[in-house]
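Taking it in order: structure first as structure tokens, then the write-up.
Number of protein chains: 2
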Amino acid sequence: MADTFVIVGGDAAGMSAASKAKRDDPDLDVVVFERGEWVSYGACGLPYYVKGEIQSLEALVSVTPEEFREERDIDLRTGHEVVSIDPDERTVTAESEAGTVTESYDHLLLAVGAAAVVPPIEGTDLAGVYTLGSMSDGKELREYVARARDGESFQQPDRGPACRYLEDCAGPVGVVGGGYVGIEMAEALAANGFEAHLFQRGDRVLKTFSEATSERIADHLGDQDVAVHFDADVRELASDAAASGGTDDETVAAIVTDDDRVPVEMVLLGTGVRPRTGLAETADVELGPTGAIATDEYRETNVPDVYAAGDCAEARHVVTGDPTYAPLALTANRHGRAVGQTVAGTPTEGGGVAGTAAIKAFDVEAARTGILDHEAAREADFDPVSKTIEAKSRAGYYPEGGTVTVTLTADRNTGRVLGASLASEYGEGAVHRSHAIVAAITNGASVFELENYDLAYAPPFNTTWDPVLVAAKVLSGTLR
Amino acid sequence: MADTFVIVGGDAAGMSAASKAKRDDPDLDVVVFERGEWVSYGACGLPYYVKGEIQSLEALVSVTPEEFREERDIDLRTGHEVVSIDPDERTVTAESEAGTVTESYDHLLLAVGAAAVVPPIEGTDLAGVYTLGSMSDGKELREYVARARDGESFQQPDRGPACRYLEDCAGPVGVVGGGYVGIEMAEALAANGFEAHLFQRGDRVLKTFSEATSERIADHLGDQDVAVHFDADVRELASDAAASGGTDDETVAAIVTDDDRVPVEMVLLGTGVRPRTGLAETADVELGPTGAIATDEYRETNVPDVYAAGDCAEARHVVTGDPTYAPLALTANRHGRAVGQTVAGTPTEGGGVAGTAAIKAFDVEAARTGILDHEAAREADFDPVSKTIEAKSRAGYYPEGGTVTVTLTADRNTGRVLGASLASEYGEGAVHRSHAIVAAITNGASVFELENYDLAYAPPFNTTWDPVLVAAKVLSGTLR
Chain V
1184 MADTFVIVGG DAAGMSAASK AKRDDPDLDV VVFERGEWVS YGACGLPYYV KGEIQSLEAL
1244 VSVTPEEFRE ERDIDLRTGH EVVSIDPDER TVTAESEAGT VTESYDHLLL AVGAAAVVPP
1304 IEGTDLAGVY TLGSMSDGKE LREYVARARD GESFQQPDRG PACRYLEDCA GPVGVVGGGY
1364 VGIEMAEALA ANGFEAHLFQ RGDRVLKTFS EATSERIADH LGDQDVAVHF DADVRELASD
1424 AAASGGTDDE TVAAIVTDDD RVPVEMVLLG TGVRPRTGLA ETADVELGPT GAIATDEYRE
1484 TNVPDVYAAG DCAEARHVVT GDPTYAPLAL TANRHGRAVG QTVAGTPTEG GGVAGTAAIK
1544 AFDVEAARTG ILDHEAAREA DFDPVSKTIE AKSRAGYYPE GGTVTVTLTA DRNTGRVLGA
1604 SLASEYGEGA VHRSHAIVAA ITNGASVFEL ENYDLAYAPP FNTTWDPVLV AAKVLSGTLR
Chain S
1184 MADTFVIVGG DAAGMSAASK AKRDDPDLDV VVFERGEWVS YGACGLPYYV KGEIQSLEAL
1244 VSVTPEEFRE ERDIDLRTGH EVVSIDPDER TVTAESEAGT VTESYDHLLL AVGAAAVVPP
1304 IEGTDLAGVY TLGSMSDGKE LREYVARARD GESFQQPDRG PACRYLEDCA GPVGVVGGGY
1364 VGIEMAEALA ANGFEAHLFQ RGDRVLKTFS EATSERIADH LGDQDVAVHF DADVRELASD
1424 AAASGGTDDE TVAAIVTDDD RVPVEMVLLG TGVRPRTGLA ETADVELGPT GAIATDEYRE
1484 TNVPDVYAAG DCAEARHVVT GDPTYAPLAL TANRHGRAVG QTVAGTPTEG GGVAGTAAIK
1544 AFDVEAARTG ILDHEAAREA DFDPVSKTIE AKSRAGYYPE GGTVTVTLTA DRNTGRVLGA
1604 SLASEYGEGA VHRSHAIVAA ITNGASVFEL ENYDLAYAPP FNTTWDPVLV AAKVLSGTLR
């Protein structure tokens, strides 16, 4: 009898594993339990859907449930929530509207993802408070924007920043958190004519990027009329009821910080995600130091034949060699695929992560990779040195072009490249240029090697020394 | 007394060496002999100047002679042609309008560059036949274009392709050679309303790129109304005189191939370059197997304290470890700089080359790196396997975007990445994406490592698996 491969969770990691396992071993019975209705969707596209650049949620789906079932012969069961695992009996139990079902497995993959963090403050359950973790979140936010744009909730508040997009601003609206989701949603809202306020704990957005990148993005957000409130520890989301002394209005009306109270009609919480680990813990699957599910290099957990991949699991950092939690799409796809390949008979590691990330904020793009934070570098026994340079994105004489800001970090003793953060105008290549540094980091290259990379050059694409090489040259100069 | 560092040639390699040596050791006497008037110019920008996208030749100069002399304290002598070297006496002799001068050196750098190849056929000395190797070539070509655009030489020939740019085509004009210069000049001429014919020996343009890239570029040239003549071995450039039986008209009038005779008013020879080695040979400086000056890893020749760098010299290929001739701007800059650093007291290798190159052709961009040719790979004891993929340049649901074509070559036994060729619409990142592969090649990474690179991803920049990773995934799949 053929083995049964049971997968819990039908997004990037889960469906990559299902597809790869079935393709490599068509005899395998592959069963996927997904509690929702959507599978294999590009959650990274949700901000662009809310913004209105993508017209349907369906466009974010790369493969439909029908295609998985009919073309790939995968037993995909949507609307099924797995509620327990019995590792001794090798079964999972799932609940659906039709009742409870128990399924045996030979191999089990936990690909249950992460949940949006809701900060422990008052008012997060008020109407008008959103997160952006799921397709239904995206749908609700799009509907909110559509309502506002149709004028149903338009106001003329006492505005701070001007709205460039519509004659009359909607809102104001508040975004809590200056990470990827917060910034992308601030853009989506501002571009739709909302007076957008971004609340950032601490003194910079995108804290995992370099200070130079954070500053460039924050400046650009300001240029685009997003009001960025720094050092703004949000204490409470207040309702009109609170404001007016106790009516029944339970819609959010203000964001309250230590020293400010900003009126808002809507709040988007972009305060990060945390791995979903509840199901794993019921089966005595161990968590790692980051709080996500611990695995070996094949993504197998401490429980034999139980794997974990994607946003619920840890990965190994290519620089430190330590477990890290970097819940992003590529890792989920890659590790899911590797598990599928392993289960189908070819043990596959799937590789580490470099903590690489990219973002577009209006007309600026940025990427980061590796270890930039000096304290984190020192904890991993490096002696970090960083340099930031600004260089032209194309030959100086070439018409068009902009500026690339590169921060590069290396170990003083060995010259090993540890991390980088790049920013440029959108289209001027900060993100794709970061690829070279990801490669250098992954291969353990030194900055002396990086500065000698024979990178492609022609005037429409860079200066003779690409900005990446300029950064390497400057940094290596300080290490010799 | 301070050492004297004499440099022959005032372009990329020479002035990089001069600047770096003087910066690192201000006591050094640095003397540069340049036979022309221009120094430190971006020859790569000449096609854009001829096209009219750059308005002055001066814009191509990164540092002026005055700046070198006054701000960098370099004894730059333009209009001085070095005619002999005496390695025993450690002197060079230069001629100028003012007479002959002999200068002693402690360290000597030959940075004399390369000369445009003129094919050994009849008619290359006719009026209207150009090469594009120097600033004065660029000036003459720009003047030719300007005259034609002012109507002085406009005609209404029996045209093949339509001209999209002007109501009346000028020309026809012929470009011989489908390499970088040929293609960039075909664009410069066609964009100015010339009926442009490109003559390519063999069946594809850009022979050092992959066939998929060549085809994409050739198709696009056709779309842009450049008539590409394949398998066109040019036998002769014919004048009107020849055509009409012996008048005095000595301007080019036709390009004659084995089986065709195409009327043209002007010809651009883009048939490659060859290293200038005459001066070196007079001093018994040895040439290598490629015909360029042989050096060690510090760019020192067989003659002690005589260095060679830039387009006159060989470099070591990072994949094969063998000497190669890759006369491009970055190598000249990097190796020149390394010699400057060495002469100033810090021996510096400057690194190998990967044969990386980039080109923009109208609205398509392309890059290549490493070893793509299977025969060349086998000569270097590899067992090459190649795969070509097409992938979307951005998330499928993201508005905008195009297609990236990636050809990836690896060694079957070890999986080592040997080379790559990429093409995309201009702005869709083929060139910057090639950076990752240059890094992989330089670090000796395998395709199994490359497919696990944690490259930056966000919907405006790529699909979750960047096209580079898709190519690696597909190629590695054939090697397992």
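Order-wise, the sequence lines are chains V and S. Under my numbering, the final residue of the first sequence carries the number 1663; numbering is consecutive throughout. Under my numbering, the final residue of the second sequence carries the number 1663; numbering is consecutive throughout. The C-beta atom is built at its ideal place from N, Cα and C for all residues, glycine as well.
DSSP-derived helix/strand/coil call for residue i
i, result
"P1650/S", "helix"
"Y1327/V", "helix"
"E1249/V", "helix"
"V1171/S", "Because residue 1171/S is not part of the residues shown, which for chain S are 1184 to 1663, the question remains open."
"R1347/S", "Reliability of the predicted coordinates at R1347/S is poor, the pLDDT of 45 falling under 50, and the value obtained from them is presented with this limitation in mind. In the structure shown, R1347/S sits in coil (DSSP, three-state: anything other than H, G, I, E or B)."
"H1403/S", "helix"
"H1263/V", "coil"
"T1484/S", "coil"
"R1616/V", "helix"
"R1543/V", "Correcting the residue type first, residue 1543/V is Lys in the shown sequence and not Arg. DSSP places K1543/V in strand when its eight states are reduced to three."
"Y1231/S", "helix"
"A1195/S", "helix"
"G1660/V", "helix"
"S1239/S", "coil"
Contact with chain V by residue i, beta-carbon distance below 8 Å
i, result
"T1647/S", "yes"
"C1495/S", "no"
"E1608/S", "no"
"H1615/S", "yes"
"T1625/S", "yes"
"F1251/S", "no"
"L1513/S", "yes"
"P1355/S", "no"
"P1643/S", "yes"
Chain S contact for residue i (CB, 8 Å cutoff)
i, result
"H1618/V", "yes"
"G1225/V", "yes"
"A1200/V", "no"
"N1485/V", "no"
"N1375/V", "no"
"D1505/V", "no"
Sequence-distant residues of its chain with Cβ nearer than 8 Å to residue i (five each side left out)
i, result
"R1561/S", "P1567"
"S1397/V", "R1387, V1388, L1389 and K1390"
"E1264/S", "F1216, R1218, A1277, E1278 and S1279"
"G1665/V", "Since the first residue shown for chain V is 1184 and the last is 1663, residue 1665/V is missing from the structure and cannot be characterised."
"L1211/V", "A1185, D1186, T1187, F1188, A1204, K1205, V1526 and A1527"
"I1237/S", "G1228, Y1231 and L1243"
"E1480/V", "R1499, E1532 and G1533"
Residues of its chain near residue i, where Cβ-Cβ distance is below 6 Å and the 5 sequence neighbours each way are ignored
i, result
"E1367/S", "P1230"
"N1485/S", "E1469"
Neighbourhood of residue i by C-beta, 7 Å cutoff - its chain only, sequence neighbours within 5 removed
i, result
"V1614/S", "A1541, E1548 and A1550"
"T1552/S", "A1537, G1538, T1539, G1602, A1603, S1617, I1620, V1621 and I1624"
"R1482/V", "Y1490, A1491, A1492, A1496, H1518, A1521, V1522 and G1533"
"F1565/V", "D1594 and L1601"
"P1472/S", "P1506"
Residue j beta carbon less than 8 Å from that of residue i
i, j, result
"A1200/S", "G1519/S", "yes"
"E1286/S", "V1275/S", "yes"
"D1423/V", "T1434/V", "yes"
"A1379/S", "V1358/S", "yes"
"V1630/S", "L1605/S", "no"
"A1374/S", "K1543/S", "no"
"P1650/V", "A1578/V", "no"
"I1572/S", "V1657/S", "yes"
Beta carbon proximity, residue i to chain C, threshold 8 Å
i, result
"E1236/S", "No chain C is present in this structure, whose protein chains are V and S."
Between the segment 1323 to 1334 of chain S and the segment 1192 to 1204 of chain S, do at least 3 Cβ pairs fall closer than 8 Å?
no
Check whether the segment 1288 to 1301 of chain S touches the segment 1485 to 1494 of chain S, taking contact to mean three or more Cβ pairs, one atom from each stretch, closer than 8 Å.
Contact between the segment 1288 to 1301 of chain S and the segment 1485 to 1494 of chain S is present, because at least three Cβ pairs lie under 8 Å.
Take every Cβ of the segment 1632 to 1648 of chain S, pair it with every Cβ of the segment 1501 to 1515 of chain V, and state whether three or more of those distances are shorter than 8 Å.
yes
Cβ contact (3+ pairs, closer than 8 Å) linking the segment 1223 to 1243 of chain V and the segment 1358 to 1376 of chain V
yes
Given 8 Å as the limit, is there contact between the segment 1242 to 1254 of chain V and the segment 1588 to 1602 of chain S, that is, 3 or more CB pairs closer than that?
no
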